[in-house]
Amino acid sequence: MAGEATRSVEEVAASVLALLAGPGAELREGQLEALQALTQPGSRVLVVQATGWGKSAVYWIATAWARRQGHGPTLVVSPLLSLMRDQVAAAARAGLRAAAINSSNVDSWQQIEADVSANLVDVLLVSPERLANPGFGARVLEGFAGRLGLVVIDEAHSVSDWGHDFRPDYRRVTDVLRRLNPATPVLATTATANARVVTDLAAQFGEDTVVLRGPLARSSLQLAVVAPMGALERYAWVVDQLPDLPGSGIIYTLTVADAERLAHALQVRYADAPGLQVAAYTGALDGDDRERLEEDLRHNRVKALVATSALGMGYDKPDLGFVVHVGAPPSPVSYYQQVGRAGRAIDHALVALLPSGGDDGIWDYFATATIPKESQVRSLLDVLGTATAPMSVPALEAETGLRRTRVELLLKQLAVDGVTERSSDGWLATGKTWTYDRDHYDGVLAVRRHEADIMRSYVAGSRCLMQLLQLSLDDPDAAPCGRCSVCLGHLPSPLRESPDAQTVAAVRQLLRQEQHVLEPRKMWPGGAFGARGRIPAGMAAEPGRVLVHADAAEWADLLAGPLSTDGAAPQDLLDACVGVLHQWRSEWASRPTLVVGLPAAGLSHLVSEVQAHLANVGRLAQAPWPIDRPDISDLTSSDEAAVWRKTFAQSEIPQVLAEVVLLVVDESSSGWAVTVAAATLREAGAEMVLPLLIHRRIG
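With my numbering applied, the sequence shown covers 59 to 757.
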């Protein structure tokens, strides 16, 4: 071991690179500089380099060198399960013993922690959420204190709330750094940090942080923007284009619903076509399914994964041949990060963006989604401040009326500021005063809206596409690439301008046949509503159906017409409602005897026509349920439920005694209109309530 300890970092680099990339592999420009900095006790190094540059190679080499000097293991903070799996495999190729602790391998935690304590692990990878867990901190991190050889913060832009993928739990990495031996070196890496993010990160890690930046242009990527088209046409474009795209790749969508619908259209079209199979990949999948699909793509068992941003940072397939975006991400930084999955070890990869006028609304949602509202924070802190014991997230949801995902986000943001903390029994307030930093949040929002403006310029083709992405990252080497659709003046082959009209019609017909289940709410919201706990069986709705989910592309004409103007119900809508009932009827315990029309969103004309048509076709009795439409904008969950209860109590409730009610509702986003209406009808004597929601809005 004495000889091992005297080896220079250059010698260690040569041996590790040979294991990773084969004999003769050499360090890239900038890698040796980073490695030399990390050999200094207490160093803080921030590396901003393009995807594929070899940032992970730097920390494997630094780990190998540190272990040969007799230092402790490396702790890698990594944001995604797919990234961890790749990193564990890469560490093994580098001759290192690596293990990961995350939500997908709970059964292995005890053994891994024992191996770490016994110094049998060279690299431990953890998620930022693990760092925020008090039990993990007590068991593992305290045991690490003073003996870590290196700390690595991968995808470090997530530490900064100026970054495109800020995560409150990630921000708490700085708390870990404060508990370390001051001599422990820290390496932070990212491909997507502009000057403001770099400044913020350097301030968090320490004033002596060494920042190493390289050029961010990717010569292997050929970028293109297709002319804007409707949502359904974009689906059809992908269906037509898939066979001609090079190799295998990723088709990104902005929402889970889009990923699932587009994947379905592709699967039906190419069901019998070898080599053209696809699958949907979203955050709704469990860890095993995600890993299986990642491996399917990596080994070319599928032509493409139709994915949300859940498949992003860290996924490594060196020969990924294309990336297509159906809808533009809200930030040029996040877009650069996603397209960077392609062309890492091949000379040419095709990148295409299919924008739409509807993207702006999604951008605005993402811009504001993580900005806390002062009134919501005050409500949450009021409840925590009077609690006599730690409270769970479901309990806080019930007490505040805020949605569970919002409660979780706010708690994590407050924990960053030390205002709340999580124990093994739940959340509690620390007693620290919280002040709403309006100037800071206004600044974050302004940055995000500026980034949306850059994406508008990208879509409009105002300058070279690669240069525009580089400029958004403050890359001083930004220059025209000469190969994108703007530089060429046309779409590169084999991309087409528009889809075939027959494909558009076929996709529309296919998607209109899909069934969308409306799962009934099971719990009362508490808060202003008063009642909490499980909804009694005698007041609950049956599982229902949704005709139009969100901004469904196949119903774009309906969304722009009758669903926005309360116009006449078109025949294809009436036929589709009948089709839904035809497929649904096998699940009914009893056939409906009465159709009740509820214009919850004020679409009285539309609802009455659907109600009358279904009653006529099914030979059912019918009854309208006229109400004074309440204003439910910006209400908490409990407040909205309370408003609906009052609205229905003041209305003329239909005669439903002993009836099996088919309840037709025009629109809802939260589902409280349906839930409270069903409870009202059950209390009035309805035997069963089967909800048919014409449009399920999102947000």
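For glycine and all other residues, C-beta sits at the position ideal for the given N, C-alpha and C.
Simplified DSSP state of Gly193, which is helix, strand or coil: DSSP places Gly193 in helix when its eight states are reduced to three.
C-alpha gap between Val67 and Trp123, whole angstroms: Answer to the nearest angstrom: the Cα atoms are 6 Å apart.
Stretch pair the segment 572-581 + the segment 594-603: three plus CB contacts closer than 8 Å: With contact defined as three or more Cβ pairs closer than 8 Å, the segment 572-581 and the segment 594-603 are in contact.
Residue-level contact to chain D via CB, Ala425, 8 Å cutoff: Of the protein chains in this structure there is only one, and it is not chain D.
Pair within 8 Å by beta-carbon distance, Ala614 and Gly288: A contact, by the Cβ cut-off of 8 Å.
Whole-angstrom C-beta distance between Pro594 and Ala456, which should lie under 8 Å: Actually they are not in contact, since the Cβ atoms of Ala456 and Pro594 sit about 16 Å apart, beyond 8 Å.
Any 3 or more C-beta pairs closer than 8 Å across the segment 276-296 and the segment 406-413: As far as the Cβ criterion goes, the segment 276-296 touches the segment 406-413, which means the pair count is three or higher.
Coarse secondary structure for Tyr516, derived from DSSP in three states: In this structure, Tyr516 counts as helix in the three-state DSSP scheme.
Validate contact between the segment 584-593 and the segment 635-651 using beta carbons, cut 8 Å, 3 pairs: With the cut-off at 8 Å, the segment 584-593 and the segment 635-651 do not touch.
Contact check, Ala658 vs Val723, beta carbons under 8 Å: Yes, the Cβ-Cβ distance between Ala658 and Val723 is below 8 Å.
Pairwise C-alpha distance: Leu303 and Ala362: The straight-line gap from Cα to Cα measures roughly 10 Å.
Proximal residues to Tyr339 (C-beta, below 6 Å), its chain only, five neighbours per side dropped: Only Leu351, Leu363, Ala365, Leu369 meet the Cβ criterion.
Within 8 Å, strictly: CB atoms of Val209 and Leu133: Cβ distance < 8 Å, so Val209 and Leu133 count as in contact.
Start-end ranges of the beta strand (DSSP E) lying completely within the segment 465-503, minimum 3 residues: Complete beta strand (DSSP E) runs here, min 3: 478-481, 484-487.
For Ser367, the nearest candidate out of Val360, Arg348, Gly379, Ala261 (CA to CA): Measuring from the Cα of Ser367, the nearest candidate turns out to be Arg348.
Short Cβ contact (8 Å threshold) for Val701 with Ala744: No.
Same chain only: Cβ atoms within 6 Å of Gly585, ignoring 5 sequence neighbours per side: If you ignore the 5 residues before and after Gly585, its C-beta comes within less than 6 Å of the C-beta of Gly459, Ser696, all in its own chain and listed in chain order.
Whole-Å CB distance - Leu334 paired with Tyr293, under 8 Å assumed: Not quite, the Cβ-Cβ distance comes to about 16 Å (not below 8 Å), so this is no contact.
Distance between Asp495 and Ala737 (C-alpha atoms, nearest Å): Taking the straight line joining both Cα atoms gives about 42 Å.
Inter-residue CB distance, Arg126 and Arg65 (contact presumed, cutoff 8 Å): With a Cβ gap of about 6 Å, Arg126 and Arg65 count as contacting.
Proximal residues to Leu290 (C-beta, below 7 Å), its chain only, five neighbours per side dropped: Excluding positions up to five away in sequence, the list reads Val562, Val565, Arg566, Ala611, Glu612, Ala614.
Assigned secondary structure, Trp582 (DSSP; H/G/I helix, E/B strand, else coil): It is a strand residue.
Assumed close pair Leu721, Leu678 - CB separation to whole angstroms, cut-off 8 Å: With a Cβ gap of about 12 Å, Leu721 and Leu678 do not count as contacting.
Given Thr493 as reference, the closest of Gly484, Lys431, Ala536 once Cα atoms are compared: Selection Gly484, Lys431, Ala536 evaluated against Thr493 yields Lys431 as nearest (Cα-Cα).
Segments assigned beta strand (DSSP E), at least 3 residues, entirely inside the segment 156-227: Within the segment 156-227, the complete beta strand (DSSP E) runs of at least 3 residues are 156-159, 181-184, 208-211.
Same chain, Cβ closer than 7 Å to Ala510, neighbours up to 5 away in sequence not counted: Here the set comprises Pro388, Trp421, Ala425.
Nearest residue (CA-CA) to Ala427, options Val465, Ser114, Val70: Cα-wise, what sits closest to Ala427 is Val465.
From Tyr394, Gly385, Thr446, residue whose alpha carbon lies closest to that of Asp418: Closest by alpha carbon: Gly385.
Integer-rounded CB distance, given that Gly307 should sit under 8 Å from Ala400: Going by Cβ atoms, the distance from Ala400 to Gly307 rounds to 6 Å, so yes, they are a contact pair.
Touch test, the segment 109-121 against the segment 136-153, Cβ-Cβ under 8 Å, three pairs minimum: Short answer: they touch.
Proximity winner among Ala72, Ser728, Asp440, relative to Gly489 (alpha-carbon distances): Comparing Cα-Cα distances from Gly489 to each of Ala72, Ser728, Asp440, the minimum goes to Asp440.
Start-to-end residues for the beta strand (DSSP E) that takes in Ile308: Here the beta strand (DSSP E) through Ile308 covers 307-311.
From Ser709, Ile690, Leu90, Leu312, residue whose alpha carbon lies closest to that of Trp730: With distances taken between Cα atoms, Trp730 lies closest to Ile690.
Backbone secondary structure at Ile119 - three-state DSSP: Note: Ile119 maps to helix in three-state DSSP.
For Met524, the first and last residue of its enclosing beta strand (DSSP E): First-last for Met524: 523-530, but that is the alpha helix (DSSP H), not the beta strand (DSSP E).
Residues near Val217 by beta carbon distance below 7 Å, same chain, minus five either side: If we look at Val217 and ignore the five residues flanking it on each side, its Cβ neighbours are Ile211, Tyr228, Arg229, Val231, Leu259, Gln262.
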